[in-house]
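Q: Here's a structure for you.
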Amino acid sequence: MLKLEPKLTSQEVFGASPPAVFVGSWGYPQVLAGPLIPPTASIDTSVMDRPELWVDMPMEQVLSYRLGLVRGKSRINVVQARGPGRLLSEVQEMVMASRPVDAEMRLRKRPKLTFALNPREPVFGPSAPMERLTVAENPPIPRKVDAVVADTDLKAEQGVLELYLSGVEQRQITRLLSVGLLGVKNRRRLVPTEWSITAVDDIIGRALHKKILDYEEINRFMVFGHVALGNNVQILLMPTSWMFEALEAWLTTKQPTIISDYELARGRRSYASEVAGAYYATRLPILEYLYGLRRQAGAIAFLEVYPSWVP
């Protein structure tokens, strides 16, 4: 585990943000937003906010990454993304970067660690209200990111797809949407992190769904799966036209809860309210795989969540 105490004795935090940001949903449209910065500068901290690299790591290492990021918080109205003040401008500049960025954060009081598990919110390290944020270097901004952010006539959905098709990492696209850098100028707004993740999964998924409907069906059954970090995910692909069902079992209590959502060939027109974000997060890689094969298939995702799981 990371030992944070010696580095958090003051209200000043200087470090290399992965870059990472969190926008909460509580109190919407007045939300708590701000950067996540480890008290370590000038090193590659990107792994601290890249869950796709954590799959085969021990849970202790994952928690050390989560708890090693100090969260600065500022109460902001979501529409301020259209005319950001100093704090939000610095956050937006940092989020556009393609690699970790050194930043200095002044907090109103010493950061406090409050450890609580919420299935809809990731674990964080110490946090405190933010007084000042300064990006300490010129962040490297990919040309495509700069162009899409600067295009204030481009709809957010189109911006997401342009960035995805140009090879920008999905996690960066999610951050850009979350801090209000995508979309038509007078419609830009902060998007709570949880919502932005699902929105990007859904936007890309719907675009791929339209494409695979023109492909032939696979000619055999296929099974994929992995168990990691308190989750068991098993995928069954079937030689049928596109359909998708997610079955999720929460095995965290004595009486397991089983929930499900599904769609047929035409896709969904309403939010998958039972499985929620996991529905879209599971559907997207399946669609990406089928798009790569230039095939379509029916898919059933079996998801199990064990007591050892941490959000």
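All residue numbers for the sequence shown refer to this note's numbering, where the first residue is 6 and numbers rise by one.
We put the beta carbon where it would ideally sit given N, CA and C, even for glycine.
Please report how far the alpha carbon of M53 lies from the alpha carbon of P43, in whole angstroms.
A: The sequence position of residue 53 within the sequence shown is 48, counting from 1. The sequence position of residue 43 within the sequence shown is 38, counting from 1. Approximately 9 Å between the Cα atoms of the pair.
Q: Which whole-angstrom value describes the C-beta separation of I178 and L168, a residue pair presumed to lie in contact below a C-beta threshold of 8 Å?
A: On the sequence shown, residue 178 is found 173 positions in, with the first residue counted as 1. On the sequence shown, residue 168 is found 163 positions in, with the first residue counted as 1. Rounded, the Cβ-Cβ distance is 5 Å, consistent with contact.
Q: Return the first residue and the last residue of the alpha helix (DSSP H) that T203 is part of.
A: As a working note, residue 203 is residue 198 in the sequence shown. It spans 198-217 - the alpha helix (DSSP H) in which T203 sits, taken as one unbroken run.
Q: Taking the C-alpha atoms as reference points, what is the distance between V100 and P24?
A: Mapped onto the sequence shown, residue 100 falls at position 95. Mapped onto the sequence shown, residue 24 falls at position 19. Approximately 6 Å, taken between the alpha carbons.
Q: Give a yes or no on whether the C-beta atoms belonging to L292 and L234 are separated by under 9 Å.
A: For the purposes of this step, residue 292 is taken as residue 287 along the sequence shown, with counting starting at 1. For the purposes of this step, residue 234 is taken as residue 229 along the sequence shown, with counting starting at 1. Not a contact, by the Cβ cut-off of 9 Å.
Q: Taking only three categories from DSSP, how would you classify N191?
A: The residue given as residue 191 occupies position 186 in the sequence shown. DSSP places N191 in helix when its eight states are reduced to three.
Q: What residue from T45, K114, E162, G90 has the CA that sits closest to D107's CA?
A: Looking up residue 107 in the sequence shown gives position 102. Checked all of T45, K114, E162, G90; the closest Cα to D107 is T45.
Q: Around the Cβ of A161, are there at least 16 other Cβ atoms within 10 angstroms (buried) or fewer (exposed)?
A: For the purposes of this step, residue 161 is taken as the residue at position 156 of the sequence shown. So A161 ends up on the buried side.
Q: Hey, quick one: how far does the beta strand (DSSP E) through V232 stretch, first residue to last?
A: Position 227 of the sequence shown, counted from the start, is the residue given in the question as residue 232. Segment 227-233, the beta strand (DSSP E) holding V232.
Q: In terms of residue numbering, what span does the beta strand (DSSP E) encompassing A251 cover?
A: Counted from its first residue, the sequence shown places residue 251 at position 246. From DSSP, the beta strand (DSSP E) with A251 extends over 248-255.
Q: Any idea which residues DSSP pairs L241 with across the strands?
A: Position 236 of the sequence shown holds residue 241. According to DSSP, L241 bridges with V228, I305.
Q: Could you confirm whether any beta carbon from chain D is found closer than 9 Å to the beta carbon of V128?
A: Absent from the structure: chain D. Only one protein chain is present.
Q: Which of helix, strand or coil does DSSP assign to W314?
A: Counting from 1 along the sequence shown, the entry for residue 314 is found at position 309. Residue state, collapsed to three classes: coil.
Q: In the DSSP assignment, find the unbroken alpha helix (DSSP H) run with Y296 in it and report its ends.
A: Position 291 of the sequence shown, counting from 1, holds the residue named residue 296. 282-298 is the extent of the alpha helix (DSSP H) around Y296.
Q: Can you look up A133 in the DSSP assignment and give me helix, strand or coil?
A: Along the sequence shown, read from residue 1 onward, the residue named residue 133 stands at position 128. Looking at A133 - three-state DSSP - the assignment turns out to be strand.
Q: Between A304 and G77, what straight-line distance do the alpha-carbon atoms span, to the nearest angstrom?
A: As a working mapping, residue 304 is identified with position 299 in the sequence shown. As a working mapping, residue 77 is identified with position 72 in the sequence shown. C-alpha separation (whole angstroms): 41 Å.
Q: Compare the beta carbon distance of L283 and E253 with 9 Å and say whether it is the shorter of the two.
A: Along the sequence shown, one-based indexing puts residue 283 at 278. Along the sequence shown, one-based indexing puts residue 253 at 248. First, the amino acid is wrong: residue 283 is Ala here, not Leu. Their beta carbons are under 9 Å apart, which means A283 touches E253 by this criterion.
Q: Exposed or buried, which one is R288 when buried takes at least 16 other CB atoms within 10 Å?
A: If you number the sequence shown from 1, residue 288 lands on position 283. Burial call: buried.
Q: Taking the alpha-carbon of G164 as reference, which of E268, V189, T257, V232 has the nearest alpha-carbon?
A: Here residue 164 corresponds to residue number 159 of the sequence shown, with the count starting at 1. When each option's Cα is compared against that of G164, the closest is V189.
Q: With A38 and V28 assumed to form a contact (beta carbons below 8 Å), what rounded beta-carbon distance in angstroms separates them?
A: Here residue 38 corresponds to residue number 33 of the sequence shown, with the count starting at 1. Here residue 28 corresponds to residue number 23 of the sequence shown, with the count starting at 1. Going by Cβ atoms, the distance from A38 to V28 rounds to 4 Å, so yes, they are a contact pair.
Q: Just to check my reading of the structure: L181 and G130 have Cβ atoms closer than 8 Å, yes? What is that Cβ distance to the nearest angstrom?
A: Within the sequence shown, numbered from 1, the residue matching residue 181 stands at position 176. Within the sequence shown, numbered from 1, the residue matching residue 130 stands at position 125. Contact doesn't hold; Cβ gap of about 23 Å is too wide.
Q: Quick check: the Cα distance between P316 and S265, rounded to an integer number of angstroms?
A: On the sequence shown, position 311 is the one that residue 316 refers to. On the sequence shown, position 260 is the one that residue 265 refers to. Near 20 Å, if we compare the C-alpha coordinates of S265 and P316.
Q: Spatial neighbours of S94 within its chain, please: CB distance less than 7 Å, with the 5 preceding and 5 following residues excluded, ordered by chain position.
A: Start at 1 with the first residue of the sequence shown, and residue 94 comes out as number 89. Excluding sequence neighbours, S94 sits near nothing in its chain.
Q: Going along the chain, which residues of its own chain have a beta-carbon closer than 6 Å to the beta-carbon of V67, five neighbours each way excluded?
A: In the sequence shown, counting from the first residue as 1, residue 67 sits at position 62. Same-chain partners within the cutoff: W59.
Q: Cβ of P147 within 9 Å of Cβ of V184?
A: The count along the sequence shown starts at 1 and reaches residue 147 at position 142. The count along the sequence shown starts at 1 and reaches residue 184 at position 179. Contact: no.
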